[in-house]
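Sequential numbering of the sequence shown, starting at 6, is according to our numbering.
Using N, Cα and C, we set each Cβ at its ideal position, and we do this for glycine too.
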Amino acid sequence: MFRQTKRRIAGRKNFEKASYLSSKLNALYSTRLSFYDIPPLDEITLEEFELWAIDRLRVLIEIESCAARNKSLKEIEQVIKPVLNKYLPLSPLIKDNEHIVSQERRKDHYSHFILRLVFCRSEDLRRKFIKNEVILFKIRYNSLQTSERTNFIMLNNDKLNWNYISEEEKLELFDQLYSATSNTIRNQMMLENDKLSLTSEQLKTHIKTAENFIKLPFEKIPNLVSSRSIYLSRGYGYIPSSLQLNLLVIEYQDNLTKNLVRTFQSIPRLEEDDRLLPLLNNLSHNFSSIGSDIEFGAENAGDINHQSIMTKNITKHYPLCAKQLQNGLAANHHLRHTGRLQLSLFLKGIGLNVDEAIKFWTYQFTTGPGAISVEKFNKEYRYNVRHLYGLEGSRVNYKPWDCGYILSRPKPTKNEYHGCPYRDLHMDALVSNLNDMGITDQKDVNAVLDDVNQNNYTFACTRVFELTHKHQLKGNENLHISHPNLYFERSKQLEKAQESK
Ligand code: SF4
Numbered sequence: 006m007f008r009q010t011k012r013r014i015a016g017r018k019n020f021e022k023a024s025y026l027s028s029k030l031n032a033l034y035s036t037r038l039s040f041y042d043i044p045p046l047d048e049i050t051l052e053e054f055e056l057w058a059i060d061r062l063r064v065l066i067e068i069e070s071c072a073a074r075n076k077s078l079k080e081i082e083q084v085i086k087p088v089l090n091k092y093l094p095l096s097p098l099i100k101d102n103e104h105i106v107s108q109e110r111r112k113d114h115y116s117h118f119i120l121r122l123v124f125c126r127s128e129d130l131r132r133k134f135i136k137n138e139v140i141l142f143k144i145r146y147n148s149l150q151t152s153e154r155t156n157f158i159m160l161n162n163d164k165l166n167w168n169y170i171s172e173e174e175k176l177e178l179f180d181q182l183y184s185a186t187s188n189t190i191r192n193q194m195m196l197e198n199d200k201l202s203l204t205s206e207q208l209k210t211h212i213k214t215a216e217n218f219i220k221l222p223f224e225k226i227p228n229l230v231s232s233r234s235i236y237l238s239r240g241y242g243y244i245p246s247s248l249q250l251n252l253l254v255i256e257y258q259d260n261l262t263k264n265l266v267r268t269f270q271s272i273p274r275l276e277e278d279d280r281l282l283p284l285l286n287n288l289s290h291n292f293s294s295i296g297s298d299i300e301f302g303a304e305n306a307g308d309i310n311h312q313s314i315m316t317k318n319i320t321k322h323y324p325l326c327a328k329q330l331q332n333g334l335a336a337n338h339h340l341r342h343t344g345r346l347q348l349s350l351f352l353k354g355i356g357l358n359v360d361e362a363i364k365f366w367t368y369q370f371t372t373g374p375g376a377i378s379v380e381k382f383n384k385e386y387r388y389n390v391r392h393l394y395g396l397e398g399s400r401v402n403y404k405p406w407d408c409g410y411i412l413s414r415p416k417p418t419k420n421e422y423h424g425c426p427y428r429d430l431h432m433d434a435l436v437s438n439l440n441d442m443g444i445t446d447q448k449d450v451n452a453v454l455d456d457v458n459q460n461n462y463t464f465a466c467t468r469v470f471e472l473t474h475k476h477q478l479k480g481n482e483n484l485h486i487s488h489p490n491l492y493f494e495r496s497k498q499l500e501k502a503q504e505s506k
């Protein structure tokens, strides 16, 4: 994928190997699903390297977040499909879209291998990566047409060694196949669509027309043999299409596990490349907290001013980190540097303009115990507020911090309120905050604490969002919280949608 510093002179052997790999690659891009057996061969830019990895990471983070909240595969599919369409689409090949299709498949292929480099480096990272890639593989398999599934199997036949039975054999054995597998097939179909109701005749027609059976020796399918959910005859098991995904997943998972270990062993060579290592390190640290690319603030600007942001009407939409900061400010009439930055940028992100921000900070610092004079505020703090809005100094228009950035900064010390409370608060204080937000059911509290104990802070925050908005959320509306302003925006949107009903 990347050019080595010392190029080797390609001999005939290398040339033959390269042509063999390139023909395999063409075959690889001929289907939407892949076992990712062949590493990428072409060079790509560093920008593509980073962007493609981040896009795949966004998809895996959403999957991880859904799985952490025990969503079923069907529920995960509903959440992931729009995310996949946005960040990692894989369109079927139709007339005149060859170029788009080849670009999409190339991005999918490269991004998978880049993330192998990112996540091969510890047992924990490998486990996480495999778990989420396997779910992605299942979602993609389920979205394939029957003919695409068959093509994928045929393409990988040297690895799978699957034999489809002929139509004649299927007809001849139909009664046995039907009685052995109809219940399993019905259950499988209902898992995918719980509203489905099928008569026996409809099920028979489905099995006749849509189920392609493969025939495998007993020793290759011990679980299916022992569960007696398939037709068994003369040392072979007959497996319908509905159950073939499980076999593919085992193959995919085994392959990926071996390949990640191999990738890890080749990492020392990469360490010579000082362009890649910082990128890879950064990506692996941000597994649960890649920032959102949403533009914040515009929608709310109307009802956001220096007074409204102190009212319950607005603060009820704040994530816990913003609540902590605002409470700390209200209690001390002061916030230290990092806290001021984090809160100022969050407020800017919800739509507080610079004039209102100056009024807000002036009021907070110049009233109550320990207050400073307005002159002192203007001298020491006014410039900083204007600076964050790009009106002073380097005139950079600073963006609100996302969870990844907040979590990458030093933890707060005594009398500091910045950071992420799911990471930084003592358990008792966190539970008391959860109770204040209306999360009192012990099962729910424990689920949040489990996320925290596994260092999954953004998952804990997402779970809290779901629990505190469960009456407004309609089952499949789902969103991983990766940014405090995303929490705020989403909470406001849900309230607005409820009011307009
Ligand atoms: Fe704030 Fe993000 Fe932590 Fe939630 S996860 S409290 S939004 S920093």
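Under the three-state reduction of DSSP, residue 363 is assigned to helix. Put simply, the residues with a CB less than 6 Å from any heavy atom of the ligand SF4 are 324, 325, 326, 408, 411, 425, 426, 427, 462, 463, 466, 486, 489 and 492, in chain order. The beta carbon of residue 450 is closer than 7 Å to those of 436, 439 and 444 in its chain, skipping five residues each way along the sequence. The three-state reading of DSSP puts residue 116 in helix, counting H, G and I together. Uninterrupted alpha helix (DSSP H) stretches at least 4 residues long and entirely within the segment 363-408 occur at 379-385 and 387-393, given in chain order. Around the beta carbon of residue 272, a 10 Å sphere encloses fewer than 16 other beta carbons of the protein chains shown; the residue is thus reported as exposed. DSSP places residue 160 within a helical segment (H, G or I) once states are collapsed to three.
Sixteen is the threshold: when 16 or more other Cβ atoms of the shown chains lie within 10 Å of the Cβ of residue 417, as they do, the residue is buried. For residue 222, the enclosing beta strand (DSSP E) has its first and last residue at 219-222.
The Cβ-Cβ distance between residue 165 and residue 245 does not fall below 9 Å. Contact between the segment 320-338 and the segment 368-379 is present, with at least three C-beta pairs closer than 8 Å. In summary, residue 52 is exposed, with fewer than 16 beta-carbon neighbours lying within 10 Å of its beta-carbon over all protein chains present. Looking from the CA of residue 414, the closest CA among 342, 379, 380 and 456 belongs to 342.
Around residue 169, the same chain offers 217 and 219 as residues with beta carbons nearer than 6 Å, after the five sequence neighbours per side are excluded. Inclusion of residue 326 and residue 489 in the CB contact set at 9 Å is warranted, their separation being smaller than that value. Non-local beta-carbon contacts of residue 127 in its own chain, meaning distances under 8 Å to residues more than five positions away in sequence, are absent. Its chain contains 6, 41, 44 and 45 as the residues whose beta carbon lies nearer than 8 Å to that of residue 118, once the 5 sequence neighbours on both sides are disregarded; these appear in chain order. Per DSSP, residue 238 is one residue of the beta strand (DSSP E) stretching across 236-238. Residue 102 carries a coil assignment under DSSP once its states are collapsed to helix, strand and coil. Annotation: residue 243 is outside any alpha helix (DSSP H); the continuous beta strand (DSSP E) that includes it extends over 241-244. Exclusion of the five residues before and after residue 226 leaves 242 as the residues of its chain whose Cβ lies within less than 6 Å of its Cβ.
Between residue 397 and residue 388, the beta carbon gap of about 6 Å places them in contact (Cβ cut-off 8 Å). The straight-line gap separating the alpha-carbon atoms of residue 406 and residue 423 is approximately 11 Å. Per DSSP, reduced to three states, the secondary structure at residue 169 is strand. Counting along the chain, the unbroken alpha helix (DSSP H) around residue 326 starts and ends at 325-337. In this structure residue 346 is not in contact with residue 404, their Cβ atoms being roughly 12 Å apart against a cut-off of 8 Å. Taken in chain order, the complete beta strand (DSSP E) segments of 3 or more residues contained in the segment 406-450 number zero; there are none.
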